[in-house]
Structure formats: structure tokens, C-alpha cells
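Numbering (my numbering), first residue to last: 65 to 328.
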């Protein structure tokens, strides 16, 4: 009886043993496809900006009212107001960034529009107008809401005159820093840091600037509707908003000079 040649069976067994491992390696080599998230409708973005800005101004005005009722020390009042504002801003940006970008501020919207022009995320003047309208409407609503929560007249025009030149300079500085920060994060691809970075900056700027860092035209308009700790007289609005727009231009110029856009 002839002895069968086992080499064939041994080769087959070897191939069989190696097969699952090879298949596993091949499976791992196939890259997974990432699903592209659906685009957010413009009206939903505008709604997020309206709600977010309303909440932000309600926090600013409401915490100011609460602080003045709990303490007669102006330093303690400012500390309480700034702490609530910074924490509220952090939460709102974290919550709404996936929906609208959580601008909550016309100068941030204008800076983002300018930075994004000509790129894949560019948008037109109509979207800018929609955002600014939503932000301003939300800011007024937030101020009225804060007064209502503390049993105050819904609209009481502020009498805080903030038209002095040194206050306008402080507002230019505050807005320049904000736009530089936001645009710098975008151009360097670090937008994930925006919630904590923006909240921290605003908290600091409220203390180191003479204007207490409004740095937001929509919130500035809204705060004129409440004659409370954080209010601003309607007559001071033109100068403050002009200072904020000036700061936005300076912030954009600095960000362009300092940060090279990150390549996709």
C-alpha cells in the first residue's frame, strides 16, 4: 500500500489556518465611510440665535438685578454679574454651536461672514441680516423677560449715560479682543475651544475694560430697555455700537495678520 503524499493536505491546512487572520486584516484595511450630517435650515439657525441671545441677555440683566438686591457693594455686584454671564455664555455656546454656530452677537456674525467668504462655508448677506435681526429681537426679549422675572416694568429705558470717550475706547478694546479670539480660533482650526475661551475672555474683559465689555451690538440694544445695573441709555447706543464695529474691524485685521488659515 502506497503511503499518501501529505504535503498537499498540510499546505491546505496551513492556508485554512491563515485564512481568518488574513480576512481580518483585509477587513480592517477597509476605511469606514462617515455620514455627512444634514444641513441645518436657515430658519432653525435664526431661531437658535434668537433663543440664545434672549437667554444671554436675560442672564446678564437678571443677574445684575439680583446682585443689586442682595448686596450694596458695587464690587460684589459686578463679581456676581460677571460670574453668571461667563457661565451662561459658556453653556449657551456649547448648546447651540452645532445648530447655528452660537454667534449670539452681530460682530461675531459679521466677522464669520467675512472670514468664510469664498470658501465652502461661505454665506450671503441675507443670512447675515437674518442672524442680526434674530439676535437683536432676542436681546430685547431677554431684557423684557429679566424685568418680568423680578416684577419690574417690562420696559424702563435705562438712564445710564455711557457716552464718555474713555468708555468708548474700552469698548473698542473689548470688541477687538473678542473678534481676534473668535477669528483666531477659526483660522487655526481650534473652534472646539470656543465655549470656554469666549466665556473666559468676556469674564476677564468685564473687569479690565472701562466699559465693562458689552462687545455686542444686539445685547447693547437689549440692555437699553432696562434701567437696572447693566443698562445703557438709548442716547449712548450710537457711540457704543460704532465703537464695537471699529473693534470688529481691528480684531479682523489682527487675526488676519497673526493667523494663517488652516488648510482643509
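Note that CB positions come from ideal geometry on N, CA and C, so glycine has one too. Since the model is a prediction, treat every value here as computed from it, not as a measurement.
Quick one: what's residue i bridged to in DSSP?
i: residue 220; result: 290
Judging by CA-CA distance, which residue of the options is the nearest neighbour of residue i?
i: residue 242; options: 226, 103, 263 and 222; result: 263
i: residue 190; options: 182, 200, 202 and 177; result: 177
i: residue 207; options: 256, 120 and 130; result: 120
i: residue 312; options: 276, 162, 150 and 239; result: 239
i: residue 19; options: 163, 174 and 142; result: Not covered by the structure: residue 19. The range shown for the chain is 65 to 328.
i: residue 310; options: 281, 289, 285 and 326; result: 281
i: residue 164; options: 153, 171, 106 and 183; result: 106
i: residue 283; options: 104, 169 and 149; result: 169
i: residue 197; options: 315, 102, 285 and 317; result: 285
i: residue 172; options: 192, 182, 188 and 183; result: 192
Taking just the CA atoms, how far does residue j sit from residue i?
i: residue 234; j: residue 298; result: 18 Å
i: residue 146; j: residue 244; result: 21 Å
i: residue 224; j: residue 300; result: 8 Å
i: residue 252; j: residue 213; result: 41 Å
i: residue 110; j: residue 211; result: 24 Å
i: residue 220; j: residue 179; result: 38 Å
i: residue 287; j: residue 246; result: 23 Å
i: residue 185; j: residue 226; result: 37 Å
i: residue 151; j: residue 254; result: 20 Å
i: residue 236; j: residue 134; result: 32 Å
i: residue 279; j: residue 307; result: 9 Å
i: residue 218; j: residue 326; result: 46 Å
i: residue 167; j: residue 174; result: 10 Å
Closer than 7 Å: is that where the CB of residue i sits relative to any heavy atom of the ligand COA?
i: residue 273; result: Looking at this structure, you won't find the ligand COA or any other ligand, since it has none at all.
*For the stretch 258-278 and the stretch 201-210, state whether three or more C-beta atom pairs, one from each stretch, are separated by less than 8 Å.*
no
Note to self: If contact is defined by three or more beta carbon pairs under 8 Å, each pair taking one atom from either stretch, is the stretch 123-131 in contact with the stretch 291-306?
What the structure shows: yes
With three or more beta-carbon pairs closer than 8 Å as the criterion, would you say the stretch 130-141 touches the stretch 248-268? no
Within the chosen definition, does the stretch 102-116 reach the stretch 221-241 through at least 3 CB pairs nearer than 8 Å? no
Checklist entry - Taking contact to mean at least 3 C-beta pairs separated by less than 8 Å, is the stretch 311-327 in contact with the stretch 144-164? => result no
task: Taking only runs that begin and end inside the stretch 163-228, name each unbroken beta strand (DSSP E) of 3 or more residues, in chain order.
output: none
Discussion item. Could you tell me which whole alpha helix (DSSP H) segments of length 4 or greater appear in the stretch 223-286?
Written reply: 229-251 and 258-272
As an exercise, report each continuous alpha helix (DSSP H) stretch of at least 4 residues that is fully enclosed by the stretch 102-160, in chain order.
106-134
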